Amino acid sequence: MAGVLDDADIGRVLCITAHPDDVDFGAAGTIARWTEAGIEVTYCVVTDGDADGSDEDFPRAEMPTLRRAEQVAAAKCVGVHDVRFLGYPDGRVEASLELRRDLARVIRQVRPDRVVCPSPERNYARIGISHPDHRAVGSAALDAVYPDARNPFAFPELRDDEGLAAWTVREVWIAGGPAPHHYVDVTATFPRKIAALRAHESQTGHMDDLTERLRTWLARTAELAGLPEGRLAEGFQVLETA
Ligand SMILES: [Zn+2]
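What follows is the structure, given as C-alpha cells:
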C-alpha cells in the first residue's frame, strides 16, 4: 500500500464523477476539508443526471439544466467554484475512447496533483454504488490518468490542436470501491456535506431522514477506520500514480 501524499503538498484536486450528487454523497466532507486548507478543487461531471429524480411529473427536458444548477450550488457549499459538465447521456456511459479523451483533456487543463473518481470495480456489498455509469467513469478516469493524460502521443489532437501539454497526476483517490483503506475524519465538515446534499433538491427533497441516514453511514465508516465513537468518516482507496 502506497503512502498518501500530505495535503500540504497538494495544490489542485480534480473530482471526476458520473452524476450530479455523486461527489456529495461520497466525498463532500473530505472536499470541504481540502478547500478549507486552501486546496483548489474542480468538479468534472460526466452526465447531467437526466435519467434520475423521483418526480415523474417533472418535465424530463428540463432535468439537465436543473441538475447542473443543483450541482453548482452544492459545490459552493463545500468551497468549490469550478464545475465542468461533459453532457454524456445518463445511464448509457461507456468507458469509450471518446470519454477517455474528454477526461484526459480536463486533466491537462486543470493539471491536478490528485484525482478523485468512482471505482471501476463492482462493490457487491453496496449495489447502488456500483451503478454502471460509475464503473464506466471510474475505468475511463483511471485510463485517462494513465496513460492518456501523461502520454504526449496519446490523443495527439489535444496537444496539436488545443495546445494541451501532457500532465502526470500523482495520486488517485477511489471513492465507493470495494477496498477502502484510507479514511478522512469529516465530523467537523459534516454540516457542509449535508448542505451540499440538500442543494440537490430534486434528489434529496423527499428524504426527511437524510441527515440521520448519512450520519449512520459515516459513523459506520469511522468505526472501520478505528476512530472514536461519535466521529464521522469517508473512506477511499488511494493509488500512487506518479
Ligand atoms: Zn451516481
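Numbering (this note's numbering), first residue to last: 367 to 608. Note that the Cβ used here is the ideal one computed from N, Cα and C, for glycine as well. These numbers were taken from a predicted model, which means no experiment stands behind them.
- Here Phe556 is buried, its C-beta having at least 16 other C-beta atoms within 10 Å.
- Summarising the contact set, residues whose Cβ lies nearer than 6 Å to any heavy atom of ligand 1 are, in chain order, Ala384, His385, Asp388, His497 and His500.
- In this structure Tyr490 is exposed. Its beta-carbon is surrounded by fewer than 16 other beta-carbon atoms within 10 angstroms.
- The beta-bridge partner set that DSSP reports for Val538 consists of Val481 and Leu605.
- Each residue's CA atom was taken as its position, placing Gly377 and His572 some 37 Å apart.
- Cβ atoms of Ala374 and Glu600 stay farther apart than 8 Å, at about 20 Å.
- Following the DSSP letters along the chain, one finds Ile473 inside the alpha helix (DSSP H) bounded by residues Leu463 to Val476.
- Nearest in C-alpha terms to Trp533, of all of Phe519, Gly543 and Trp539, is Phe519.
- His385 is a Cβ neighbour of Asp499, given a cutoff of 9 Å.
- Straight through space, the alpha carbons of Cys483 and Ala507 are spaced by roughly 7 Å.
- Thr570 and Asp526 have their C-alpha atoms roughly 44 Å apart.
- The count of Cβ pairs closer than 8 Å, one atom from the segment 437-448 and one from the segment 402-421, reaches three, so the stretches are in contact.
- 9 Å or more divides the Cβ of Val379 from the Cβ of Pro513.
- Taken through DSSP and simplified to helix, strand or coil, Phe451 comes out as strand.
- The three-state reading of DSSP puts Ala588 in helix, counting H, G and I together.
- Of the residues assessed, Ser505 falls on the buried side of the cut-off, its CB having 16 or more other CB atoms within 10 angstroms.
- The three-state secondary structure of Glu406, taken from DSSP, is strand.
- The residues Val389 and Val411, in chain order, have a CB closer than 6 Å to that of Thr383 in the same chain once the five nearest residues on each side in sequence are set aside.
- Thr413 carries a strand assignment under DSSP once its states are collapsed to helix, strand and coil.
- The residue among Arg488, Val476 and Arg579 with its C-alpha nearest the C-alpha of Ala531 is Val476.
- Setting aside the 5 residues that flank it on each side, Val604 is surrounded in the same chain by Val370, Trp539 and His548, each with a C-beta closer than 6 Å to its C-beta; the list follows chain order.
- In the three-state reduction of the DSSP assignment, Arg378 falls in the strand class.
- In chain order, Ala502, Ser505 and Ala506 place their CB closer than 6 Å to the CB of Ala461, counting only its own chain and leaving out the 5 sequence neighbours on each side.
- By the 16-neighbour rule on beta-carbons within 10 angstroms, Ala403 is exposed.
- Pairing Asp456 with Asp414 gives a Cβ-Cβ distance under 9 Å.
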